[in-house]
Each structure stands twice: as C-alpha cells, then as structure tokens.
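Data block below; observations after.
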Amino acid sequence: MKLILLSLLPAALAANPIYFTNDGWGKPTKFNSDACQNNPAVHYFCATPATTTGKNPNSWAFPHRRENCVLADTQGNACKWRGADGIIICC
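Residues 4 to 94 in my numbering are what the sequence shown lists, from first letter to last.
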C-alpha cells in the first residue's frame with residue numbers, strides 16, 4: 004500500500020505547481036491563455052517554478068511564493084527580471 008501511495012505523490016504535486024514571482028507583470032499582448040483572459044480578478048507575474056524540492060532558485064529576483072497559478076503566455080515567451088529569466092503566469 005505504501006508503494007502505491009508513493010507512486011502517486013509526483014502526480015499530486017504536479018497538479019498544484021509552486022512558483023516564485025516578482026511584484027507584478029504586464030498582461031501578454033498576444034497569446035494570453037483562456038484561464039487568465041476569462042478571469043477579471045487575475046494578476047500577472049514574471050515567475051520561476053520551484054525546484055523539485057520546493058526551493059526558490061532565484062530568490063533575489065522572485066521573492067514571493069505563489070500557488071494555484073497558470074501559464075499566461077500560451078507561446079511560452081520569457082520574461083526577464085533582475086537578471087533572471089522567468090515565465091509569465093497569472094494568479
């Protein structure tokens with residue numbers, strides 16, 4: 004039974020990714036995801052995903068931990084903040 008539960012752990016963690024973000028970012032002018040576009044209360048951020056151990060790889064650039072966010076730019080265009088590369092998400 005323990006083996007089965009351990010094998011399901013990665014899938015459960017992947018369902019709710021953790022991001023570390025800056026204070027805010029502009030909405031993508033093109034290729035905005037439907038999840039972000041259809042939510043009037045959404046905020047955009049330049050972010051980096053947490054490592055597999057949940058750590059922040061770029062704490063000097065992305066100090067804020069956020070969950071329940073989705074990729075905003077459907078083309079995967081990058082953002083750059085304080086010398087660190089990130090992705091545009093909405094929460």
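Think of the CB as a built atom: it goes at the ideal place given N, C-alpha and C, for glycine as much as any other residue.
Closest residue to residue i among the options (Cα-Cα distance)
i   : options            : result
K83 : N25, P20, H46      : N25
C2  : N71, Q78, D76, A87 : In the structure displayed, the chain extends from 4 to 94; residue 2 sits before or after that span and is not available.
Contact belief for residue i with residue j at Cβ below 8 angstroms, rounded distance in angstroms
i    : j   : result
R85  : Y22 : 16 angstroms between Cβ atoms; not a contact.
I148 : A81 : Residue 148 lies beyond the stretch modelled for the chain, which goes from 4 to 94, so this question has no answer here.
For residue i, the three-state DSSP class (helix, strand or coil)
i   : result
D37 : helix
P52 : strand
Whole-angstrom distance between residue j and residue i, CA atom to CA atom
i   : j   : result
G29 : T77 : 15 angstroms
K58 : K33 : 31 angstroms
G27 : P60 : 18 angstroms
C49 : N19 : 18 angstroms
Below-8 angstroms beta-carbon distance, residue i vs any chain D residue
i   : result
F23 : The structure shown contains no chain D; it is built from a single protein chain.
Inset, instruction - Examine the Cβ distances between the stretch 27-47 and the stretch 59-66 and report whether three or more of them are shorter than 8 angstroms. - result: Counting Cβ pairs under 8 angstroms, fewer than three are found: no touch.
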